[in-house]
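A.B. asks: For reference, the structure I am asking about is given below.
In my numbering, the protein residues as written are 133 to 356.
Below, the structure is given as structure tokens:
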């Protein structure tokens with residue numbers, strides 16, 4: 133846990149995600165919560181649920197927005213009500229800068245209308261503090277959705293690159309075919325000219341020489 137007001141205070145949660153070489157890769161979380169007891173309770177609950185998190189805690193608007201701008205996060209958690217701020221305001225701030233970051237509202241008391249309003253505003257989910265057993269599954273589900281979206285984006289990018297490569301290959305083939313046709317036509321026109329030039333020599337004033345000259349003229353016009 134990284135406490136903005138006490139950055140030395142930290143501990144790691146186990147069962148982390150594994151990186152490419154099996155190293156621990158905790159999920160980076162920005163958590164807006166002004167109540168220390170609630171904060172510790174929720175983090176401990178997530179630890180018990182087996183989630184590995186690197187949590188940056190923010191108590192105020194300044195701390196939340198400053199932390200969000202300074203770091204890359206995979207998840208945002210926010211209390212619904214913060215003195216001088218709110219979960220909705222934090223949600224709006226995040227959505228203006230990242231439309232896909234999972235954002236979960238947590239509240240001790242939230243009406244159904246407020247919950248629906250939060251979802252419409254872009255919240256990924258909302259959790260009542262009295263039902264914290266829903267939080268870890270909600271986080272896993274949100275991260276899985278992000279992973280699936282990233283996979284779709286990656287696959288679409290690869291498909292576009294393959295289509296672009298195919299199009300370039302087709303264009304190269306078309307240019308090659310066109311060049312081959314032009315070269316064939318040019319060779320057909322140049323061959324008589326070359327042959328006539330070899331035959332003519334000093335015989336240009338004879339009847340056969342005149343025929344060769346006419347053949348050269350016709351062939352040259354064809355190549356022009």
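Using N, Cα and C, we set each Cβ at its ideal position, and we do this for glycine too. None of these values were measured; they are calculated from a predicted model.
Taking 8 angstroms as the cut-off, does the segment 267-274 touch the segment 221-239 (at least 3 CB pairs, one atom from each stretch)?
C.D. replies: Segment contact: the segment 221-239 against the segment 267-274, three or more CB-CB distances shorter than 8 angstroms; contact assigned.
A.B. asks: Between the alpha carbons of residue 210 and residue 163, how many angstroms are there, rounded?
C.D. replies: So the two alpha carbons sit approximately 6 angstroms from each other.
A.B. asks: Verify the CB distance criterion: does residue 305 have a CB-CB separation below 8 angstroms to chain C?
C.D. replies: Note that chain C does not occur in the displayed structure, where there is just one protein chain.
A.B. asks: Can you give me the Cβ contacts of residue 170 inside the same chain, cut-off strictly under 6 angstroms, excluding the 5 residues immediately before and after it?
C.D. replies: none
A.B. asks: In this structure, how does DSSP classify residue 217 when only helix, strand and coil are distinguished?
C.D. replies: Residue 217: strand per DSSP, three-state reduction.
A.B. asks: When burial is assigned at 16 or more other CB atoms within 10 Å of the CB, is residue 296 buried or exposed?
C.D. replies: exposed
A.B. asks: For a test of the three-state rule: what should DSSP assign to residue 229, helix, strand or coil?
C.D. replies: DSSP, read as helix, strand or coil, puts residue 229 in coil.
A.B. asks: Using 8 angstroms as the Cβ pair cut-off and three pairs as the minimum, do the segment 286-296 and the segment 194-213 touch?
C.D. replies: no
A.B. asks: With DSSP collapsed to three states, give me the class of residue 309.
C.D. replies: helix
A.B. asks: According to the Cβ coordinates, are residue 258 and residue 274 closer than 8 angstroms?
C.D. replies: no
A.B. asks: Would you mind listing the beta strand (DSSP E) stretches within the segment 161-223 that are 3+ residues and don't spill past its ends, in chain order?
C.D. replies: Within the segment 161-223, the complete beta strand (DSSP E) runs of at least 3 residues are 185-190 and 207-211.
A.B. asks: Bridge partners for residue 237 per DSSP, in chain order?
C.D. replies: 210 and 258
A.B. asks: Tell me the rounded alpha-carbon separation between residue 347 and residue 309.
C.D. replies: Going by C-alpha positions, residue 347 is about 28 angstroms away from residue 309.
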